[in-house]
């Protein structure tokens, strides 16, 4: 299923079948979702089946809307470390401030502002 979905969305020369992906994922430490799968409004979608996620994984999802995607919920349920796209968004912004303004930005304050803004958007929906 996952292989067919990927193949339909990208011009891939090599497609790894689901059963091989599951075996490969068992050997990795970090799983990163760099696709829009699970992003609002399609919040019930997940790029991987729950069975692929192990408690030893670190699962990173670049999606920040919603703050906690289905992928991250499944990762936490399995006992894995789950890292939200909010963190990437905040640290990219902080790096930009550092580069352009040569100051150390208040990262925790930035994170709170981003989360509050995202929550405000949810409440308007």
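Residue numbers (this note's numbering): 282 to 406.
The beta carbon of each residue, even a glycine, is placed where N, CA and C say it ideally should be.
Would you give the residue range spanned by the alpha helix (DSSP H) that residue i belongs to?
{"i": "residue 418", "result": "What is shown of the chain runs 282 to 406, which leaves residue 418 out entirely."}
{"i": "residue 380", "result": "366-382"}
{"i": "residue 356", "result": "351-359"}
Is the Cβ-Cβ distance between residue i and residue j less than 8 Å?
{"i": "residue 319", "j": "residue 299", "result": "no"}
{"i": "residue 321", "j": "residue 346", "result": "yes"}
Determine the DSSP secondary structure at residue i, reduced to helix, strand or coil.
{"i": "residue 342", "result": "strand"}
{"i": "residue 323", "result": "coil"}
So residue i and residue j are in contact, right, with Cβ under 8 Å, and what is the actual spacing, rounded?
{"i": "residue 324", "j": "residue 396", "result": "17 Å between Cβ atoms; not a contact."}
{"i": "residue 361", "j": "residue 335", "result": "7 Å"}
{"i": "residue 391", "j": "residue 376", "result": "With a Cβ gap of about 11 Å, residue 391 and residue 376 do not count as contacting."}
{"i": "residue 306", "j": "residue 333", "result": "5 Å"}
What does DSSP give as the partner residues of residue i in its beta bridges?
{"i": "residue 362", "result": "339"}
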